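J.:
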Amino acid sequence: KAGVTQTPRYLIKTRGQQVTLSCSPISGHRSVSWYQQTPGQGLQFLFEYFSETQRNKGNFPGRFSGRQFSNSRSEMNVSTLELGDSALYLCASTPAGGTDTQYFGPGTRLTVL
Amino acid sequence: AQSVSQHNHHVILSEAASLELGCNYSYGGTVNLFWYVQYPGQHLQLLLKYFSGDPLVKGIKGFEAEFIKSKFSFNLRKPSVQWSDTAEYFCAESGKTSYDKVIFGPGTSLSVIP
Chain V
17 KAGVTQTPRY
27 LIKTRGQQVT
37 LSCSPISGHR
47 SVSWYQQTPG
57 QGLQFLFEYF
67 SETQRNKGNF
77 PGRFSGRQFS
87 NSRSEMNVST
97 LELGDSALYL
107 CASTPAGGTD
117 TQYFGPGTRL
127 TVL
Chain Y
1368 AQSVSQHNHH
1378 VILSEAASLE
1388 LGCNYSYGGT
1398 VNLFWYVQYP
1408 GQHLQLLLKY
1418 FSGDPLVKGI
1428 KGFEAEFIKS
1438 KFSFNLRKPS
1448 VQWSDTAEYF
1458 CAESGKTSYD
1468 KVIFGPGTSL
1478 SVIP
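Given below as structure tokens:
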């Protein structure tokens, strides 16, 4: 099976802009979680989608949003970018979420100038 | 709120040395525990996991971890590290249901010197 794919791999934006990141899960996986990875902070949970519904949300401001499509592909959007949003954004898929082993994608490296 | 702490930010060892990375979690209920590893330039991947049963779990590449419920700990061990074990290691926890989210620790960077 193909692994989790994320596009784009690298992105450079300026403050105030918005950005959309995409994640395609492993075929058959219905849960997609998003994480922000920064040095020293580790992985901070953003949100999880299962069957097109947001099932869990982390402690991020409303500028961070996401959605999931009927084919389980997911997008996350960050509006009004700030310098502190520079990070590696990882998505992970599991068959059903929660207790399952997570399969991670390579991440999207976002740099905000 | 759930949280996971890892004792060391950066560990440097010589090859053949023994490794123990500390992890403590806060969730008071029954938990699932994980160790994930991120080798340089590679995706984050599962090293081992504990769901129930024997508190000593074995993972890939000779790693093992021990769940000690009374100490809220899940420390990772390897008796003899290799240069190829150089990586970032993350401890994580979740509740038992599909509705529980996975919470990661801040990570420990391991450098193994040949």
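Residue numbers (the working numbering), protein chains in the order written: chain V, 17 to 129; chain Y, 1368 to 1481. Glycine residues also receive a C-beta, built at the ideal position from the N, C-alpha and C atoms. Bear in mind the structure is a predicted one, so any value in this text is a computation, not a measurement.
(1) Taking 8 angstroms as the limit between beta carbons, can you name the residues of its chain near T117 of chain V, skipping five residues before and five after?
(2) If you count every other CB in all the chains shown that lies within 10 Å of the CB of S47 of chain V, and 16 or more means buried, which is it?
(3) Which of the three DSSP states is assigned to G121 of chain V in this structure?
(4) Please list the partners that F80 of chain V has in chain Y, where partner means a Cβ-to-Cβ separation under 8 angstroms.
(5) Taking a contact to mean a Cβ-Cβ separation below 8 angstroms, would you say H1377 of chain Y touches S1476 of chain Y in this structure?
(6) Just mark A1432 of chain Y as buried or exposed, buried being the case when its beta carbon has 16 or more other beta carbons within 10 Å.
(7) Check the Cβ of I1470 of chain Y against every Cβ in chain V and list those closer than 7 angstroms, keeping chain order.
(8) Nearest to G1426 of chain Y by CA position, among Y:K1416, Y:S1478 and Y:F1434, is which residue?
(9) So with CB distances below 8 angstroms, who are the chain V contacts of P1473 of chain Y?
(10) Using DSSP with H/G/I as helix, E/B as strand and the rest coil, what is I1435 of chain Y?
(11) Report the start-end ranges of each beta strand (DSSP E) in the stretch 1400 to 1429 of chain Y that is 3 residues or longer and not cut off at the edges.
T.: On the basis of the data shown:
(1) If you number the first sequence from 1, residue 117 of chain V lands on position 101. T110, listed in sequence order.
(2) Here the question's residue 47 of chain V lines up with position 31 in the first sequence. Buried, because 16 or more other Cβ atoms sit within 10 Å of the Cβ of S47 of chain V.
(3) As a first step, residue 121 of chain V is located in the first sequence; it is residue number 105 there, counting from the start. DSSP places G121 of chain V in coil when its eight states are reduced to three.
(4) As a first step, residue 80 of chain V is located in the first sequence; it is residue number 64 there, counting from the start. Near F80 of chain V there are no residues of chain Y at all, since even the closest Cβ is about 15 angstroms away, more than 8 angstroms.
(5) In the second sequence, the residue the question calls residue 1377 of chain Y occupies position 10. In the second sequence, the residue the question calls residue 1476 of chain Y occupies position 109. Their beta carbons are under 8 angstroms apart, which means H1377 of chain Y touches S1476 of chain Y by this criterion.
(6) The residue given as residue 1432 of chain Y occupies position 65 in the second sequence. So A1432 of chain Y ends up on the buried side.
(7) Translated into positions along the second sequence, residue 1470 of chain Y becomes position 103. Ordered by position in chain V, the residues that pass the 7 angstroms Cβ test against I1470 of chain Y are F61.
(8) For the purposes of this step, residue 1426 of chain Y is taken as residue 59 along the second sequence, with counting starting at 1. Looking at the Cα atoms, Y:K1416 is the closest of the given residues.
(9) The residue labelled residue 1473 of chain Y in the question sits at position 106 within the second sequence. Ordered by position in chain V, the residues that pass the 8 angstroms Cβ test against P1473 of chain Y are G56, Q57 and G58.
(10) Here residue 1435 of chain Y is taken as the residue at index 68 of the second sequence, counted from 1. Strand at I1435 of chain Y.
(11) 1411 to 1417 and 1423 to 1425
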